[in-house]
Amino acid sequence: MQKGVWPFFAQANRGYTIRGEISMKQVKKVINIILISVVAFGAVTLVVFLSSREGGGAELKGTYHSPTLFAMGTTLDITIQGRGGKRSKNDVNRAVALARRIENETSRFKPGSDVSRINTAAGVAPVEVGDATFNIIEKALEYGKMTGGAFDITVAPIVKLWGFYNQKYRVPTAKEIAAATALVDYRKVIIDARSKTVMLTDKGMKIDLGGIAKGYAVQAMCDLYKQMGVKHALINFGGAIGAVGNRADGKDWVIGIKDPRGEGGALVGELKVSNGFVSSSGDYERFFVKGSKRYFHIFDPSSGYNPKETMSATVVGPNSMDTDMLSTTLMVQGPRRGIELMKTRPGFEGLIVGNNGNIHFTPLMKSKYIIDLREKV
Numbered sequence: 235m236q237k238g239v240w241p242f243f244a245q246a247n248r249g250y251t252i253r254g255e256i257s258m259k260q261v262k263k264v265i266n267i268i269l270i271s272v273v274a275f276g277a278v279t280l281v282v283f284l285s286s287r288e289g290g291g292a293e294l295k296g297t298y299h300s301p302t303l304f305a306m307g308t309t310l311d312i313t314i315q316g317r318g319g320k321r322s323k324n325d326v327n328r329a330v331a332l333a334r335r336i337e338n339e340t341s342r343f344k345p346g347s348d349v350s351r352i353n354t355a356a357g358v359a360p361v362e363v364g365d366a367t368f369n370i371i372e373k374a375l376e377y378g379k380m381t382g383g384a385f386d387i388t389v390a391p392i393v394k395l396w397g398f399y400n401q402k403y404r405v406p407t408a409k410e411i412a413a414a415t416a417l418v419d420y421r422k423v424i425i426d427a428r429s430k431t432v433m434l435t436d437k438g439m440k441i442d443l444g445g446i447a448k449g450y451a452v453q454a455m456c457d458l459y460k461q462m463g464v465k466h467a468l469i470n471f472g473g474a475i476g477a478v479g480n481r482a483d484g485k486d487w488v489i490g491i492k493d494p495r496g497e498g499g500a501l502v503g504e505l506k507v508s509n510g511f512v513s514s515s516g517d518y519e520r521f522f523v524k525g526s527k528r529y530f531h532i533f534d535p536s537s538g539y540n541p542k543e544t545m546s547a548t549v550v551g552p553n554s555m556d557t558d559m560l561s562t563t564l565m566v567q568g569p570r571r572g573i574e575l576m577k578t579r580p581g582f583e584g585l586i587v588g589n590n591g592n593i594h595f596t597p598l599m600k601s602k603y604i605i606d607l608r609e610k611v
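According to our numbering, the stretch in the sequence shown is residues 235 to 611, in order.
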């Protein structure tokens, strides 16, 4: 390690660290960013500093790190190599503008967004929406059917009931949970491809695209970069990670998978990726504790309660929307059903940390992507 350079593990609220080394000046900058993130979101968001595991931590010349940006209620970090500072800044600006456009369509917190208009018109009328919203909902409904409702974008009434939208956390009564769960059913989302409309059939229903919209945005940004001729970039949008190509030195990007119960950057393992996507979900992202019990923001749509078998799930694959939805689905389904589901998704590989600390993974996850892996948490 060079003098004046500290080892650094950038923690993510979605379960990653990017290995690297940073100077004292960068340490101060990172601390400031982390403090801002804690105040804004109540969790440490991922800050991207990158190195190759095999490269001894040295940062490549011509590496540009964007400032940590905020969109869709989380952080957006972009790293570009081999383009020069001025071009890289322009590249970042174009990607951010694209992410903002998607956010303006799909955020349930923006009054004029497609999602807000759909929710307001629930049980009343169909709503014409933009391409991004329609494509996301169409894909989400496919996953709802494929997973038997384990992934369900109409879960919003449950998430709201437990206080995860306004941070006024509470444990609802069984009667309240039953009432909210009655409003959850992806089959009651009606879409029309010709008119590009979406309708929720029952009043009180609401959709939340948080389990897929960031994945859609990462895919769109990576596709944009490929069209622009960017060959080496890493995008991290609230834990949905997209790699455009590999590092400029020809090595893979290396990503650490966070130990869901570890402290100080503890890892379950490390994986490598190039020209692909990674997504992770966990019970440590957003949670509250009451009576020594942890309650977190992912719910089983069929019961209205947290799933009980899984602490975290990580998925690697060729499409970011799929990895985003699959990581959430694996949290709900648990290790046994989750690994069986992954066998039906060619090109996608998964790793699940069970509530007992055991680590489960698909065969190719270990042989193709994993660099280092603990036996148990």
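A virtual CB, placed ideally from N, CA and C, is assigned to each residue, including glycine.
At the C-beta level, Tyr-518 and Pro-494 come within 8 Å of one another.
In terms of Cα proximity to Thr-388, the closest of Ile-446, Ala-359 and Glu-362 is Ile-446.
Residue nearest to Tyr-420 within the set Leu-443, Thr-407 and Gln-401 is Leu-443 (criterion: CA-CA distance).
Going by beta carbons, Gly-584 and Ile-593 fall outside the 8 Å limit. Under the DSSP assignment, Val-566 falls in the alpha helix (DSSP H) whose first and last residues are 554-576. If you draw a straight line from the Cα of Glu-362 to the Cα of Ala-454, it comes to about 22 Å.
Its Cα nearest to that of Val-478, the residue Asp-457 stands out among Val-358, Asp-457, Lys-448 and Lys-485.
For Arg-481, there is no enclosing beta strand (DSSP E), as DSSP marks it with neither H nor E. According to the DSSP assignment, Ser-515 belongs to the beta strand (DSSP E) that extends over 511-516. By the C-beta criterion, the stretch 478-492 is judged not to be in contact with the stretch 337-349, since fewer than 3 inter-stretch pairs fall below 8 Å. Scanning its chain for C-beta atoms nearer than 8 Å, with the 5 sequence neighbours on each side dropped, one finds around Ala-355 the residues Val-361, Met-433 and Leu-434, in chain order.
Considering only Lys-373, Gln-315 and Gly-397, the residue with the shortest C-alpha distance to Leu-468 is Gln-315. Close CB contacts of Val-566 within its chain, under the 6 Å cut and outside five residues either way in sequence, are with Ala-384, Asp-534 and Pro-541 (chain order).
Per DSSP, the continuous beta strand (DSSP E) segment holding Gln-315 begins and ends at 308-315. Shown here, Arg-321 sits in a helix according to DSSP, grouped into three states. Contact between the stretch 550-564 and the stretch 369-377 is established, with three or more Cβ pairs separated by less than 8 Å. Looking at Phe-595, Lys-492, Asn-369 and Ile-441, the one whose alpha-carbon comes closest to that of Arg-428 is Asn-369. Here Arg-528 carries a strand assignment [DSSP, helix/strand/coil]. In the structure shown, the three-state DSSP call for Thr-544 is strand. Per DSSP, Ala-366 lies in no beta strand (DSSP E) segment; the continuous alpha helix (DSSP H) that holds it begins and ends at 365-380. Scanning its chain for C-beta atoms nearer than 6 Å, with the 5 sequence neighbours on each side dropped, one finds around Thr-563 the residues Thr-381, Ala-384 and Phe-385, in chain order. A straight line joining the alpha-carbon of Val-611 with that of Gly-364 spans about 43 Å. Nearest in C-alpha terms to Tyr-298, of all of Asp-311, Gly-307, Ser-322 and Ala-305, is Ser-322. Taking the C-beta atoms as reference points, Leu-598 is found no nearer than 8 Å to Gly-503.
By the neighbour-count criterion, in which a residue is buried when 16 or more other Cβ atoms sit within 10 angstroms of its Cβ, Asn-327 is exposed. The bridge partners DSSP lists for Trp-487 are Val-507. Burial check for Thr-415: the Cβ neighbour count within 10 Å reaches 16 or more, so the residue is buried.
For Gly-568, the CB contacts under 6 Å within the same chain, skipping 5 residues up- and downstream, are Glu-543 and Thr-544 in chain order. When DSSP states are grouped into helix, strand and coil, Asn-470 belongs to the strand group. For Ala-305, the enclosing beta strand (DSSP E) begins and ends at 303-305. Less than 8 Å separates the beta-carbon of Val-464 from that of Arg-317. Residue pairing by DSSP places Thr-297 opposite Gln-315 in a beta bridge.
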